[in-house]
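Trainee: Note that UniProt numbering gives residue 453 to position 453 of the sequence shown, counting from 1, and the numbers run on in steps of one.
Just so it is clear, CB atoms sit at the ideal spot from N, CA and C, and this is done for glycine as well.
Please find one structure pasted underneath; my questions will follow.
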Amino acid sequence: MDAMLKLEQLVEQLNHYNYHYYTLDQPLVSDKEYDALYDQLTALEAETGIVLPDSPTGRVGGELLKGFKPHRHLSALWSLDKAQNQDQLLLWHQRVLRLIADYNLKNPDTPLPSPSYVVELKFDGLTLNLTYTDGKLVQAATRGNGVTGEGILSQVKTIKSVPLTIPYKEGTIEVQGEGIMNLSVLAKYNETALEPLKNARNAAAGALRNLNPKTTAERKLSAFFYNVGYSDNVTFATHQEMMDFLKENRFKVNPYVSYYDNFEQVAEALADIVERRTTLDYLIDGAVIKITDMRTREILGYTDKFPRWAVAFKFEAEETTTILQSVVWNVGRTGKITPLAKVEPVELAGVTVQNCTLNNVGDIERKNLKNALGTRVFIRRSNDVIPEILGKVTEEQDGEEIEYPTTCPACGSALEQRGAHLFCNNRLNCKPQIVARITHFASRDAMDIETFSEKTAEQLYLELDVHQPADLYTLQFEDLIKLERFGERKAQNLLDALEQSKSRDLASFLYALGIPNTGKSTTKALADHFKSLEAVMGATVEELIALPDIGGIVAESIVSYFKDPILLDGIQRMLALGVTPVPPAEIAPPPTDSYFSGKVVVLTGTLHQLTREEATKRLEALGAKVTGSVSKKTDLVIAGEKAGSKLAKARELGIEVMDNEEEWMKLL
Ligand SMILES: NC(=O)c1ccc[n+]([C@@H]2O[C@H](COP(=O)([O-])OP(=O)(O)OC[C@H]3O[C@@H](n4cnc5c(N)ncnc54)[C@H](O)[C@@H]3O)[C@@H](O)[C@H]2O)c1
Ligand SMILES: [Zn+2]
Numbered sequence: 001m002d003a004m005l006k007l008e009q010l011v012e013q014l015n016h017y018n019y020h021y022y023t024l025d026q027p028l029v030s031d032k033e034y035d036a037l038y039d040q041l042t043a044l045e046a047e048t049g050i051v052l053p054d055s056p057t058g059r060v061g062g063e064l065l066k067g068f069k070p071h072r073h074l075s076a077l078w079s080l081d082k083a084q085n086q087d088q089l090l091l092w093h094q095r096v097l098r099l100i101a102d103y104n105l106k107n108p109d110t111p112l113p114s115p116s117y118v119v120e121l122k123f124d125g126l127t128l129n130l131t132y133t134d135g136k137l138v139q140a141a142t143r144g145n146g147v148t149g150e151g152i153l154s155q156v157k158t159i160k161s162v163p164l165t166i167p168y169k170e171g172t173i174e175v176q177g178e179g180i181m182n183l184s185v186l187a188k189y190n191e192t193a194l195e196p197l198k199n200a201r202n203a204a205a206g207a208l209r210n211l212n213p214k215t216t217a218e219r220k221l222s223a224f225f226y227n228v229g230y231s232d233n234v235t236f237a238t239h240q241e242m243m244d245f246l247k248e249n250r251f252k253v254n255p256y257v258s259y260y261d262n263f264e265q266v267a268e269a270l271a272d273i274v275e276r277r278t279t280l281d282y283l284i285d286g287a288v289i290k291i292t293d294m295r296t297r298e299i300l301g302y303t304d305k306f307p308r309w310a311v312a313f314k315f316e317a318e319e320t321t322t323i324l325q326s327v328v329w330n331v332g333r334t335g336k337i338t339p340l341a342k343v344e345p346v347e348l349a350g351v352t353v354q355n356c357t358l359n360n361v362g363d364i365e366r367k368n369l370k371n372a373l374g375t376r377v378f379i380r381r382s383n384d385v386i387p388e389i390l391g392k393v394t395e396e397q398d399g400e401e402i403e404y405p406t407t408c409p410a411c412g413s414a415l416e417q418r419g420a421h422l423f424c425n426n427r428l429n430c431k432p433q434i435v436a437r438i439t440h441f442a443s444r445d446a447m448d449i450e451t452f453s454e455k456t457a458e459q460l461y462l463e464l465d466v467h468q469p470a471d472l473y474t475l476q477f478e479d480l481i482k483l484e485r486f487g488e489r490k491a492q493n494l495l496d497a498l499e500q501s502k503s504r505d506l507a508s509f510l511y512a513l514g515i516p517n518t519g520k521s522t523t524k525a526l527a528d529h530f531k532s533l534e535a536v537m538g539a540t541v542e543e544l545i546a547l548p549d550i551g552g553i554v555a556e557s558i559v560s561y562f563k564d565p566i567l568l569d570g571i572q573r574m575l576a577l578g579v580t581p582v583p584p585a586e587i588a589p590p591p592t593d594s595y596f597s598g599k600v601v602v603l604t605g606t607l608h609q610l611t612r613e614e615a616t617k618r619l620e621a622l623g624a625k626v627t628g629s630v631s632k633k634t635d636l637v638i639a640g641e642k643a644g645s646k647l648a649k650a651r652e653l654g655i656e657v658m659d660n661e662e663e664w665m666k667l668l
């Protein structure tokens, strides 16, 4: 295509996206898709040497919204130069070193120090610029187009951590930070919201740019501050001094700010942040690396868009858009019917996504997805679970309707809607339910019946009428050997494993029952507190909610589970067949003769023979305490491949390090 035409198209499209993102806080595409187009435009501009007058590459931010009083920033607010990978980061660094070298050559009497770096998180929210005069908060503004922003003082005042007065009273200063919505706050808000918010960034930005400060207040926003952009009277020699000033003046600063003299360490710090990203209660889309020395900053200066002394290292996107193609309904082990969305395959964080969760019918309604088949939706990956659909890209656009089933897709029984969920109540004859229930019963953390698989459960259900876990304990050798792929050996092994499982500990037995809303930690708490199956079965809702970590829903689930005649009958039969869950006190304490017993251990880097979770489990079984961060209390750091700052810290503190996987595995 004609390059000029392509340039015009890209500029028009990006400006359209910018308007929706910055001005309306309703993005039409994910950042990932936006960034890809933006990169195309920058490349084409470099190739042709043409930059159209309205190109977004030459400007910061977006149009101001009418209704807010404009605020002219005392010094401009900038965008950030970006690096998408280590190579681009190195290019940035080389440029910095070259600029410093050039300066030092011309000014041999006043050379710049060799650079040191600060690494901060790049919060994904709305830029805030606060103006304080003589210690009083007099204005708060958005970044706007960098020169002028929108005055949002009343909105910002609803953020409880923003100080209304500060000890520093010498004239005017402007302090910059990011207004954010914590992810836990967003989740809580969405639990009851009529219109759930799709994303914490837009939720924060939309709330701060809402003309009604009451709406802002309802969103319970927070903020982190990271810069003094302007001051009449105070100057800083380094970033550290500036951060101290912010802290002394009671601004909320993020605990993760780290300083390095050497650029290799920066790369390690970045790896560490990537690892930590999913544990944070707020969105970050990268990290920011800045030169700490203020005089160097001044001399390196700015392009028309960003400072030369800082760069944003962008992480892999966790959000993108795709087309919702169809919905299939699966039956789970409690009879719950869950919708699974099939989407047009799309790359997200290095994997091809084809399936997304939709949770339940209530969720489909609340996210306004009932008429979304065939339309474009936002999807988000969190941790390692399958991605979630957040909502339609444009609410106006309707597609085909998602039809809810009225009968069970597996057994044809009529479904019952309880709350937001659909259930199949055919507990004794609905195959996927039974297979899943029995597989769960036999699984490792439950009754731990060796060699048992989903396939076994299916075979036993179809051919030997195993409809409930209790039926497992009536199996006979003669019946088992008739099954396909079951020799004498396998049949005997299964019977032996079943026999052994009869004396599993109480917590595992309770977990094996698969009580709805009740996971491993809850069943352990139940076993520890009540100490016998009879006591757990007789517990009342009041007694249950008195335990820490057990809420109303969980308590109700437990009580109604033990009231269900079918399930109760199953338990009684198991007991009659010799199953005797062992109370916690009778179980031996972890061994104390292992190398790891009693030690505080940190795992870092990539392990090869075990996942980190497995390694943690094994270490804990040997009496070690596994923690997440290295401190003076740490006894031992086990480092896998590409271990980063934790390893560095361990070495610095002189903590024992084991980095040979073969060797420490022998001690497990
Ligand atoms: N989806 C869309 O339609 C769409 C449209 C426009 C822009 N965008 C996204 O926005 C990005 C462009 O962003 P931009 O120019 O607004 O911001 P930027 O990525 O250039 O970053 C600058 C901003 O980072 C923030 N920040 C957070 N933590 C910081 C820290 N520790 N130090 C300094 N600054 C910090 C500040 O608010 C600052 O204004 C694009 O890469 C794209 O992902 C998306
Ligand atoms: Zn069914």
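Please report how far the alpha carbon of G362 lies from the alpha carbon of R618, in whole angstroms.
Mentor: G362 and R618: Cα-Cα distance of roughly 40 Å.
Trainee: Any heavy atom of ligand 1 closer than 6 Å to the beta-carbon of Y21?
Mentor: Checking every heavy atom of ligand 1 against the Cβ of Y21, one is found closer than 6 Å.
Trainee: If you count every other CB in all the chains shown that lies within 10 Å of the CB of K314, and 16 or more means buried, which is it?
Mentor: By the neighbour-count rule (16 or more Cβ atoms within 10 Å), K314 is buried.
Trainee: In three-state terms, what does DSSP make of P70?
Mentor: Strand.
Trainee: Just reading off the alpha helix (DSSP H) that I166 is part of, what are its end residues?
Mentor: Unbroken run through I166: none, as it is neither H nor E.
Trainee: List the whole-angstrom C-beta distance separating V119 from A269, where the pair is believed to meet the contact cut-off of C-beta under 8 Å.
Mentor: Right, their Cβ atoms sit about 5 Å apart.
Trainee: Is the Cβ-Cβ distance between L208 and G67 less than 7 Å?
Mentor: It is not a contact, given that the beta carbons lie outside the stated cut-off.
Trainee: To the nearest angstrom, how far is the alpha carbon of A446 from that of N660?
Mentor: So the alpha carbons of these two residues sit roughly 33 Å apart.
Trainee: So is R418 buried or exposed if we call it buried at 16+ other beta carbons inside 10 Å?
Mentor: So R418 counts as exposed.
Trainee: Would you check whether ligand 2 has a heavy atom nearer than 6 Å to the C-beta of A436?
Mentor: No, since every heavy atom of ligand 2 falls outside the 6 Å radius drawn around the Cβ of A436.
Trainee: Please report the straight-line C-alpha distance between V253 and K563, rounded to a whole angstrom.
Mentor: The straight-line gap from Cα to Cα measures roughly 52 Å.
Trainee: Hey, quick one: how far does the alpha helix (DSSP H) through V274 stretch, first residue to last?
Mentor: Start and end: 263-276.
Trainee: Only counting the same chain, and skipping five residues up and downstream in sequence, which positions put a Cβ closer than 6 Å to that of P115?
Mentor: Correct list, in chain order: I291.
Trainee: Pair every Cβ in the segment 51-59 with every Cβ in the segment 273-282, then say whether three or more of these pairs are closer than 8 Å.
Mentor: The segment 51-59 vs the segment 273-282: no contact.
Trainee: Are the beta-carbon atoms belonging to I434 and R376 less than 7 Å from one another?
Mentor: No.
Trainee: Could you tell me whether any non-hydrogen atom of ligand 1 is closer than 6 Å to the CB of T394?
Mentor: No - ligand 1 has no heavy atom lying nearer than 6 Å to the Cβ of T394.
Trainee: Taking contact to mean 3 or more Cβ pairs, one atom from each stretch, closer than 8 Å, check whether the segment 179-192 and the segment 217-224 are in contact.
Mentor: Touching, yes, given that three or more Cβ pairs across the two stretches are closer than 8 Å.
Trainee: In this structure, how does DSSP classify P516 when only helix, strand and coil are distinguished?
Mentor: Here P516 sits in coil by DSSP.
Trainee: Under a three-way DSSP split, which group does K392 fall into?
Mentor: Strand.
Trainee: Taking the Cβ atom as the reference point for each residue, do A83 and W92 lie within a distance shorter than 7 Å?
Mentor: The answer is yes: Cβ separation under 7 Å.
Trainee: Is it the case that the Cβ atoms of G570 and A470 are separated by a distance below 7 Å?
Mentor: A contact, by the Cβ cut-off of 7 Å.
Trainee: Got a sec, what are the start and stop residues for the alpha helix (DSSP H) K431 sits in?
Mentor: It spans 431-442 - the alpha helix (DSSP H) in which K431 sits, taken as one unbroken run.
Trainee: Taking three-plus beta-carbon pairs below 8 Å as touching, is the segment 121-133 in contact with the segment 177-185?
Mentor: Yes, since at least three Cβ pairs between the segment 121-133 and the segment 177-185 fall closer than 8 Å, the two stretches touch.
Trainee: Relative to the C-alpha of T148, which candidate in K524, L99, Y34, L77 has its C-alpha closest?
Mentor: Here the closest residue by C-alpha is L77.
Trainee: Buried or exposed for L246, going by 16 or more other Cβ atoms inside 10 Å?
Mentor: Buried, since its Cβ has 16 or more Cβ neighbours within 10 Å.
Trainee: Among all the DSSP beta bridges, which residues are the ones paired with Y230?
Mentor: E174, per the DSSP bridge assignment.
Trainee: Of all residues in the structure, which have a C-beta closer than 6 Å to any heavy atom of ligand 2, taken in chain order?
Mentor: Matched residues: V331, C408, A410, C411, S413, C424, N426, C430.
Trainee: Between N493 and the rest of its own chain, which residues show a CB-CB distance below 8 Å, the 5 nearest in sequence each way excluded?
Mentor: Excluding positions up to five away in sequence, the list reads E450, T451.
Trainee: Can you find the residues in the same chain that come closer than 8 Å, C-beta to C-beta, to L373, ignoring five residues on each side of it along the sequence?
Mentor: Here the set comprises L324, Q325, S326, V327, G399, E400, E401, I402.
Trainee: Kindly examine ligand 1 and report whether one of its heavy atoms sits closer than 6 Å to the Cβ of N145.
Mentor: No.
Trainee: Of the choices N360, R250, P345, N425, whose alpha-carbon is the least far from that of T338?
Mentor: Among N360, R250, P345, N425, the Cα nearest to that of T338 is on N360.
Trainee: In whole angstroms, give me the CA-to-CA distance for L64 and G144.
Mentor: Distance between the alpha carbons of L64 and G144 is about 6 Å.
Trainee: Whole angstroms is fine: what's the gap from H421's alpha carbon to G335's?
Mentor: About 10 Å.
Trainee: Terminal residues of the continuous beta strand (DSSP E) containing I323?
Mentor: Run containing I323: 319-331, per the beta strand (DSSP E) assignment.
Trainee: Taking its Cβ as the centre, do 16 or more other Cβ atoms sit within 10 Å of E319, making it buried, or is it exposed?
Mentor: By the 10 Å Cβ count, E319 comes out buried.
Trainee: Would you call the CB atoms of N129 and E174 closer than 7 Å?
Mentor: Contact: yes.
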